[in-house]
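Just below is one structure, and these are the notes that go with it.
There are 2 protein chains.
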Amino acid sequence: MKYYGFWRSLAACRVRIALALKGVKAEEIPVNLMQGEQLKPEYRAVNAQGVVPTLMLDDGSALFESMAIIEYLDETHPQPPLMPKDAKGRARVRGLAQIVACDGHPLVVPRIRNYLEKDLAIDEATRTRWCQHWIMEALKAVDAHLSKEKETGRFCHGDAPTLADICVATQVFGARFYNCDTGPVPAVMRVFGECMKLEAFERSHPLKQPGAPKELKH
Amino acid sequence: MKYYGFWRSLAACRVRIALALKGVKAEEIPVNLMQGEQLKPEYRAVNAQGVVPTLMLDDGSALFESMAIIEYLDETHPQPPLMPKDAKGRARVRGLAQIVACDGHPLVVPRIRNYLEKDLAIDEATRTRWCQHWIMEALKAVDAHLSKEKETGRFCHGDAPTLADICVATQVFGARFYNCDTGPVPAVMRVFGECMKLEAFERSHPLKQPGAPKELKH
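Just so you know, the sequences run in chain order A and B.
For what it's worth, the working numbering labels the leading residue of the first sequence as 90, then goes sequentially.
For what it's worth, the working numbering labels the leading residue of the second sequence as 90, then goes sequentially.
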């Protein structure tokens, strides 16, 4: 098993964390998003959409979309579980993950930033405000759930990390890249602190990957 | 069981189709997105993010995010199944659904169109091009998978409708609302045609819901 990723990609980072939590070894093959490698025909043959991550199984199957990949890993490597045992719990964990992975993160990925810059001629300061706004809108929605719902524990759902924590923690990485004020999301930041006590999260951080700069310029 | 939706919401439409495929009766409570009802405190108490759909269970639990809701319905009402039996198949179905529900649809929802208009002062024609572009980018990515992968059958994955078909069909509804040229996505349109032969899809169409106009103005 190997996967296509990139140090800076928060979606690839989700898969990296899941693999680390499961203790599954998989080589990361870098696709340089800053040089547009994801749009070249060689990579489009692997991932038609031209995005990372892609998980390559040993039989040649290419799995796409980070949440789908993580649920696959959870189904095929059940320990430790990344999803609750009950249907309502799974719905809550998937819902929290999807607030980030559907309604937050896709708004700030390279293709959107490029469209804002090149097609809409939006200046850099305004693009940064766009990214900050949508990153925080998702985290505020997650925070509202975490702060009022009894299912919240040490982590987003109970006392062990789930798919929701993986998505929320990577979104906080993004919030920090963009210097967002995380003051309005204390419940998120408490859970983030718990995640970062775990080696699987800590060592999967974008800036700790090969090829990453010491500090991020966006 | 009841759910909060709106005739025009494509995410609520996904839940409506899933309920119809399952033969589960659930009252739809309208939240008028065009009058901003989703942002009022009464609805924020139900759905912190201020979006539809929300599925209200009889025990008072509020489930959020359409894909999470549909997987919950599939787990609690297993017939007919909306997910494949094998882990790789589930990953493909979730991946196709997520291309639409993560990377396509969230870019054209009301809060984004409002931000483009009010915060970025983007004119209507340019906003329409934005919506057309991102709706079709998602459908082209789905089309590339459907046209080259052996798992594609009468529907996106095999010969029965799944979560993927629900997401893809509603995205085609969106493409038609915005007068997109669907010529470049023939495999998507073939599957869409199969979906629309099923009463569950056909009668769930946004323009067939109470309160909907006869034609759409966006």
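Built from N, CA and C at the ideal position, the CB exists for glycine as well.
Query: What's the gap between the Cα of N75/A and the Cα of A151/A?; Result: Residue 75/A cannot be examined here, being either before or after the span of chain A that is shown, 90 to 307.
Query: In this structure, does DSSP put K111/A in helix, strand or coil?; Result: helix
Query: Which of helix, strand or coil does DSSP assign to F244/B?; Result: coil
Query: Run through DSSP, which three-state label would I211/A get?; Result: coil
Query: Could you compute how far the alpha carbon of V231/A sits from the alpha carbon of E238/A?; Result: 11 Å
Query: For the 8 Å Cβ check, are there 3 or more pairs between the segment 266-284 of chain A and the segment 203-215 of chain A?; Result: no
Query: Which of the residues in the segment 156-168 of chain B, read from start to end, lie with their CB under 8 Å from any CB of chain A?; Result: M156, A157, I158, E160, Y161, E164, T165
Query: Assuming P195/B contacts P142/A under a Cβ cut-off of 8 Å, what Cβ separation, rounded to an integer in Å, is found between them?; Result: In fact, because the Cβ distance is near 19 Å, the residues do not count as touching under 8 Å.
Query: Measure how close the beta-carbons of M225/B and D147/B come, nearest whole angstrom, since I'm counting them as under 8 Å.; Result: Between D147/B and M225/B the Cβ distance is about 40 Å, and since that is not below 8 Å, they are no contact.
Query: Quick one: which residues of the segment 225-245 of chain B get their C-beta closer than 7 Å to a C-beta of chain A? List them in chain order.; Result: A230, A233, H234
Query: Is L144/A helix, strand or coil by DSSP?; Result: strand
Query: Taking 8 Å as the cut-off, decide whether the C-beta atoms of A100/A and S155/A are in contact.; Result: yes
Query: Straight-line CA distance for L125/B to H222/B?; Result: A small correction: the amino acid at residue 125/B is Gly; Leu does not occupy that position in the sequence shown. So the two alpha carbons sit approximately 25 Å from each other.
Query: Can you tell which of K303/B, C284/B, E304/B has the C-alpha that lies nearest to the C-alpha of A109/B?; Result: C284/B
Query: Among A107/B, A180/B, P173/B, which one has its Cα closest to the Cα of M145/A?; Result: A180/B
Query: Would you decide whether R103/B is buried or exposed? Buried here means 16 or more other CB atoms lie within 10 Å of its CB.; Result: buried
Query: Where does A258/A sit, in a helix, a strand or coil, going by DSSP?; Result: helix
Query: Over what stretch of residues does the alpha helix (DSSP H) that includes P88/A continue unbroken?; Result: Because chain A spans 90 through 307 in this model, residue 88/A falls outside it and cannot be assessed.
Query: Count the other CB atoms within 10 Å of the CB of G193/A; is the residue buried (16 or more) or exposed (fewer)?; Result: buried
Query: In the DSSP assignment, find the beta strand (DSSP E) that holds P119/A and state where it starts and stops.; Result: 116-119
Query: Residues in the same chain with beta-carbon distance under 8 Å from E288/B, minus the five sequence neighbours each way, listed in chain order, please.; Result: A109
Query: Taking F290/B as part of the alpha helix (DSSP H), name the residues at either end of that continuous run.; Result: 288-291
Query: According to the neighbour-count rule (16 or more other Cβ atoms, all chains shown, within 10 Å of its Cβ), is V197/B buried or exposed?; Result: buried
Query: If you measure between the beta carbons of A253/A and A157/A, is that distance less than 8 Å?; Result: no
Query: I want to see whether chain B comes within less than 8 Å of L152/A, judged by CB atoms only; does it?; Result: yes
Query: Tell me where the beta strand (DSSP E) around K91/B begins and ends.; Result: 91-94
Query: Compute the Euclidean distance between the alpha carbons of D208/B and R200/A, then round it to the nearest angstrom.; Result: 20 Å
Query: Distance, Cα to Cα, C191/B vs E304/B?; Result: 27 Å
Query: Looking at the strands, I want to know which residues DSSP matches up with F266/B.; Result: Partner(s): none; F266/B has no beta bridge.
Query: From what residue to what residue does the beta strand (DSSP E) around L152/A run?; Result: 151-153
Query: Between A176/B and Y93/A, is the Cβ-Cβ spacing less than 8 Å?; Result: no
Query: Terminal residues of the continuous alpha helix (DSSP H) containing G272/B?; Result: Counting along the chain, G272/B falls outside any alpha helix (DSSP H), and DSSP gives it neither H nor E.
Query: Could you work out which residues of chain A lie near P195/B, taking near to mean beta carbons separated by less than 9 Å?; Result: C191, D192, G193, P195, L196
Query: Taking G282/B as the reference, which of Y267/B, K297/B, C245/B has the closest Cα?; Result: C245/B
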